[in-house]
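Peer 1:
Number of protein chains: 2
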Amino acid sequence: MTIAEPETIAGKKRLAQRDALLDAASEMLVHGGPDSISLRKLASRVGTSTMAVYTAFGGKDGLIAALFEEAFDRLAAAEAAAPKHDEPLLWLGELAGAYRGFALKNPSYYALMISATMPIPESLRHKETAEPAARGVSQHASYQIMLSAVEACIADGSFPSEKDPDELAGALWSAVHGHCSLELAGFYENRETAEKRFNLTTEAVLRGLLTPKGLEKFESFTRG
Amino acid sequence: MTIAEPETIAGKKRLAQRDALLDAASEMLVHGGPDSISLRKLASRVGTSTMAVYTAFGGKDGLIAALFEEAFDRLAAAEAAAPKHDEPLLWLGELAGAYRGFALKNPSYYALMISATMPIPESLRHKETAEPAARGVSQHASYQIMLSAVEACIADGSFPSEKDPDELAGALWSAVHGHCSLELAGFYENRETAEKRFNLTTEAVLRGLLTPKGLEKFESFTRG
DNA sequence: GCACCAATATAACAGTGTTATATGCGGAGC
DNA sequence: GCTCCGCATATAACACTGTTATATTGGTGC
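Chains as they are written, first to last, in our numbering: chain A, 1 to 224; chain B, 1 to 224.
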């Protein structure tokens with residue numbers, strides 16, 4: 001919470017137009033997907049010229065990168081909104097469901113996130129080690145939330161303490177992301193069967209990672 | 001092995017040019033990714049005009065769809081080349097490794113396959129039920145191979161017989177595909193750690209799906 | 001008020017996929 | 001063997017795209 005900087009009104013207008021461009025681009029993204037974003041259409045919708053995108057974002061890539069960041073922020077918000085049970089395992093399950101819920105409600109943003117051709121924007125990039133590309137993502141809140149849930153499960157004894165939390169979180173993320181990717185590609189017939197498959201998959205990878213003690217606890221949850 | 005049809009030489013030339021276009025497009029795809037395929041560059045490389053793409057494939061979408069099919073064929077070939085152990089569980093593990101091997105060796109093809117914007121070509125589409133989009137994929141050899149391995153594991157008693165083979169295969173596919181998607185996005189620092197994570201993830205989802213009997217067998221494999 | 005600088009608008013450039021038009025070549029019928 | 005028809009092809013135009021060069025405007029500091 002910083003006090004209001006002595007922003008010039010020109011600076012305010014510049015930020016306002018940046019936001020206007022971002023909002024309009026987001027609206028175009030949600031409506032017609034990433035490919036429907038045209039600088040000319042975007043500029044005319046905001047009531048300016050294409051040059052505004054270059055001064056605000058440095059070009060179309062910068063604009064897409066900004067949308068990329070917003071996608072991760074929305075994901076983090078969805079995860080933060082997931083109910084945080086006292087039981088870490090249940091919390092982890094809620095996070096998995098929140099991840100899928102985000103993907104289903106924001107398919108265009110999700111498609112943007114998983115487009116491998118997307119260069120990770122500076123703000124999400126690890127400061128010291130630029131390589132590998134997506135390393136910065138593991139610093140983002142969306143990943144940190146899941147990581148802390150995993151760590152809580154380790155402290156809880158549900159996950160083996162000798163395993164690296166990153167490994168466990170990565171395995172879980174792979175399964176959840178893999179399912180959502182297939183579901184959005186239309187692999188499942190309808191949402192009901194997709195949800196059944198999602199539960200089966202996430203529960204399977206969870207079961208495979210748990211300690212005997214954690215597995216016992218987990219079975220009591222799934223039965224109850 | 002059919003006897004040579006009474007093909008007209010015009011038809012032969014047409015097919016030859018179709019193959020030439022496909023080969024050149026494949027080469028461009030592997031080199032510079034999907035976005036690097038330009039009809040003008042492609043046509044000039046083959047020594048024809050852009051109209052050839054329209055007569056052979058109906059447009060760029062048809063060309064991409066043909067590359068899409070070739071990607072699945074290459075995946076099927078990679079899976080078919082995986083050693084088929086007598087032990088179904090080991091076979092399934094080999095298939096998972098072959099899937100990742102394909103993704104690593106053909107990143108551009110893999111990126112094409114997982115691009116959600118890709119409409120499933122007719123030849124891969126389920127004939128009766130056009131919806132959902134990717135249903136036809138489950139008829140492809142690449143999926144059938146994995147499915148038969150899963151069924152062998154069910155017959156073996158390693159997987160519970162009351163579960164739908166499609167469900168089990170889908171869970172496995174989600175995890176394997178999810179990992180490869182993240183690995184190609186550059187999420188892991190290097191290939192060694194990525195491989196470690198891949199084994200952890202696939203083993204976890206396997207363990208979570210196995211019967212007690214199958215789990216016993218599985219543990220004897222991983223220890224030995 | 002004036003000078004300067006940054007942001008903008010206009011327009012041009014180099015591409016893209018697609019389509020309309022015209023040319024030419026190959027196969028069928030006589 | 002010749003004619004004629006049809007289809008594949010080449011050329012060129014169209015409607016776009018992102019980017020860049022140029023000129024004009026607007027706000028800020030002196």
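The beta-carbon is built from N, C-alpha and C at its ideal position, and this holds for glycine as well.
In chain A, which residues lie less than 8 Å from E195 (chain B) when you measure between Cβ atoms?
Peer 2: In the second sequence, the residue the question calls residue 195 (chain B) occupies position 195. Simply none; closest approach about 12 Å.
Peer 1: When you compare the CB of T222 (chain B) with every CB in chain A, is at least one pair closer than 8 Å?
Peer 2: Here the question's residue 222 (chain B) lines up with position 222 in the second sequence. So no, T222 (chain B) is outside the interface.
Peer 1: Quick one: what's got a C-beta closer than 8 Å to I64 (chain B)'s C-beta in the same chain, skipping five residues either side?
Peer 2: Locating residue 64 (chain B) in the second sequence gives position 64, where the first residue counts as 1. P34, I37, L112, M118.
Peer 1: Less than 8 Å between the CB atoms is what I'm expecting for A149 (chain A) and L95 (chain A), so what's the real figure, rounded?
Peer 2: If you number the first sequence from 1, residue 149 (chain A) lands on position 149. If you number the first sequence from 1, residue 95 (chain A) lands on position 95. Rounded, the Cβ-Cβ distance is 6 Å, consistent with contact.
Peer 1: Please tell me whether V53 (chain A) and L22 (chain A) are closer than 8 Å, where the distance is taken between their beta carbons.
Peer 2: Within the first sequence, the letter at position 53 stands for residue 53 (chain A). Within the first sequence, the letter at position 22 stands for residue 22 (chain A). Result no, Cβ atoms of V53 (chain A) and L22 (chain A) do not sit closer than 8 Å.
Peer 1: Does T201 (chain B) get closer than 8 Å to chain A when you measure Cβ to Cβ?
Peer 2: One-based indexing of the second sequence puts residue 201 (chain B) at position 201. Yes, because at least one Cβ of chain A sits closer than 8 Å to the Cβ of T201 (chain B).
Peer 1: Less than 8 Å between the CB atoms is what I'm expecting for Y109 (chain B) and R74 (chain B), so what's the real figure, rounded?
Peer 2: Along the second sequence, read from residue 1 onward, the residue named residue 109 (chain B) stands at position 109. Along the second sequence, read from residue 1 onward, the residue named residue 74 (chain B) stands at position 74. That pair is a contact at about 6 Å.
Peer 1: To the nearest angstrom, how far is it from the Cα of D86 (chain A) to the Cα of E151 (chain A)?
Peer 2: In the first sequence, residue 86 (chain A) corresponds to position 86, counting from 1. In the first sequence, residue 151 (chain A) corresponds to position 151, counting from 1. Straight-line Cα distance between these residues: approximately 13 Å.
Peer 1: Looking at the C-beta of S36 (chain A), does it have a partner C-beta in chain B at a distance below 8 Å?
Peer 2: Within the first sequence, the letter at position 36 stands for residue 36 (chain A). No, no contact with chain B.
Peer 1: For a minimum of 3 consecutive residues, which ranges assigned as the beta strand (DSSP E) are wholly contained in the stretch 157–190 of chain B?
Peer 2: None, since the stretch 157–190 of chain B contains no complete beta strand (DSSP E) of that length.
Peer 1: Just confirm the distance between the C-beta atoms of E55 (chain A) and L39 (chain A), as a whole number of angstroms; I'd bet it's less than 8 Å.
Peer 2: Taking the first sequence and counting its residues from 1, the one referred to as residue 55 (chain A) is at position 55. Taking the first sequence and counting its residues from 1, the one referred to as residue 39 (chain A) is at position 39. In the sequence on display, residue 55 (chain A) carries Thr and not Glu. With a Cβ gap of about 13 Å, T55 (chain A) and L39 (chain A) do not count as contacting.
Peer 1: Does chain A have any CB closer than 8 Å to the CB of E167 (chain B)?
Peer 2: Your numbering for residue 167 (chain B) matches position 167 in the second sequence. Chain A, which has a Cβ nearer than 8 Å to the Cβ of E167 (chain B), makes this yes.
Peer 1: From S142 (chain A) to C180 (chain A), what distance separates their C-alpha atoms?
Peer 2: On the first sequence, residue 142 (chain A) is found 142 positions in, with the first residue counted as 1. On the first sequence, residue 180 (chain A) is found 180 positions in, with the first residue counted as 1. Approximately 16 Å, taken between the alpha carbons.
Peer 1: Might you give, ordered along the chain, the residues of its own chain that have their beta carbon closer than 7 Å to the beta carbon of V205 (chain A), omitting 5 neighbours on each side?
Peer 2: As a first step, residue 205 (chain A) must be located in the first sequence, where it is residue number 205. Once the five neighbours on either side are set aside, the close Cβ partners of V205 (chain A) are A171, L172, A175.
Peer 1: If you drop the 5 nearest sequence neighbours on each side, which residues of the same chain put their C-beta closer than 6 Å to that of A24 (chain B)?
Peer 2: Here the question's residue 24 (chain B) lines up with position 24 in the second sequence. Answer for A24 (chain B): L42, R45, V46, listed in chain order.
Peer 1: Leaving out five residues on either side along the sequence, give the residues of the same chain with a beta carbon under 8 Å from the beta carbon of Q17 (chain B).
Peer 2: Taking the first residue of the second sequence as 1, we reach residue 17 (chain B) at position 17. Contacts found: V46, T48, A52, A56.
Peer 1: Using a cut-off of 9 Å between C-beta atoms, extract the partners of A175 (chain A) located in chain B.
Peer 2: Looking up residue 175 (chain A) in the first sequence gives position 175. A171, S174, A175, G178, H179, T201, A204, V205, listed in chain order.
Peer 1: Please list the partners that V137 (chain B) has in chain A, where partner means a Cβ-to-Cβ separation under 8 Å.
Peer 2: Here the question's residue 137 (chain B) lines up with position 137 in the second sequence. Neighbours of V137 (chain B) on chain A, chain order: F187.
Peer 1: The stretch 138–158 of chain A: which residues have C-beta closer than 9 Å to a C-beta of chain B, in chain order?
Peer 2: Answer set for the stretch 138–158 of chain A: S138.
Peer 1: In terms of residues, what are the limits of the alpha helix (DSSP H) holding K41 (chain A)?
Peer 2: On the first sequence, position 41 is the one that residue 41 (chain A) refers to. Element bounds for K41 (chain A): 39–46.
Peer 1: For the alpha helix (DSSP H) holding A82 (chain B), just list the boundary residues, first then last.
Peer 2: Taking the first residue of the second sequence as 1, we reach residue 82 (chain B) at position 82. No alpha helix (DSSP H) holds A82 (chain B); DSSP gives it neither H nor E.
Peer 1: Do you know offhand how far K127 (chain B)'s Cα is from E183 (chain B)'s?
Peer 2: Sequence index remark: in the second sequence, residue 127 (chain B) carries index 127 (1-based). Sequence index remark: in the second sequence, residue 183 (chain B) carries index 183 (1-based). For K127 (chain B), the pLDDT reaches just 48, beneath the cut-off of 50, and the residue's location in the model is therefore unreliable, leaving the point undetermined.
Peer 1: Taking DSSP as the reference, what is the three-state secondary structure of N106 (chain B)?
Peer 2: Residue 106 (chain B) sits at position 106 when you count from the first residue of the second sequence. DSSP places N106 (chain B) in coil when its eight states are reduced to three.
Peer 1: What's the call for E162 (chain A), buried or exposed, on a 16-neighbour Cβ count within 10 Å?
Peer 2: The residue you call residue 162 (chain A) lines up with position 162 of the first sequence. Counting Cβ neighbours within 10 Å, E162 (chain A) comes out exposed, since fewer than 16 surround it.
Peer 1: Check E195 (chain A) in the structure and name its three-state DSSP category.
Peer 2: Counting from one through the first sequence, the residue named residue 195 (chain A) turns up at place 195. Correct three-state label for E195 (chain A): helix.
Peer 1: Among residues of its own chain, excluding the 5 on either side of F232 (chain B), which ones have a beta-carbon nearer than 7 Å to its beta-carbon?
Peer 2: This structure gives no information on residue 232 (chain B), because the portion of chain B shown stretches from 1 to 224.
Peer 1: Classify E94 (chain A) as helix, strand or coil using the three-state DSSP reduction.
Peer 2: As a first step, residue 94 (chain A) is located in the first sequence; it is residue number 94 there, counting from the start. Here E94 (chain A) sits in helix by DSSP.
Peer 1: Out of A:A78, A:A194, A:D19, point me to the one whose CA is closest to I145 (chain A)'s CA.
Peer 2: Residue mapping note: residue 145 (chain A) aligns to position 145 of the first sequence, counting from 1. Closest option to I145 (chain A), Cα to Cα, is A:A78.
Peer 1: Which residue's Cα is closest to the Cα of Y188 (chain A): B:A155, B:V137, B:L200, B:L147?
Peer 2: Position 188 of the first sequence, counting from 1, holds the residue named residue 188 (chain A). Closest option to Y188 (chain A), Cα to Cα, is B:V137.
Peer 1: If I follow the unbroken alpha helix (DSSP H) through P212 (chain B), where does it start and stop?
Peer 2: Within the second sequence, the letter at position 212 stands for residue 212 (chain B). From DSSP, the alpha helix (DSSP H) with P212 (chain B) extends over 212–223.
Peer 1: L89 (chain B) to A194 (chain B), Cα distance in whole Å?
Peer 2: To locate residue 89 (chain B), count along the second sequence from 1; it is residue 89. To locate residue 194 (chain B), count along the second sequence from 1; it is residue 194. Answer to the nearest angstrom: the Cα atoms are 22 Å apart.
Peer 1: Who are the neighbours of L104 (chain B) on chain A, taking C-beta pairs under 8 Å?
Peer 2: Taking the second sequence and counting its residues from 1, the one referred to as residue 104 (chain B) is at position 104. The contacting residues do not exist; L104 (chain B) stays about 13 Å from chain A at best.
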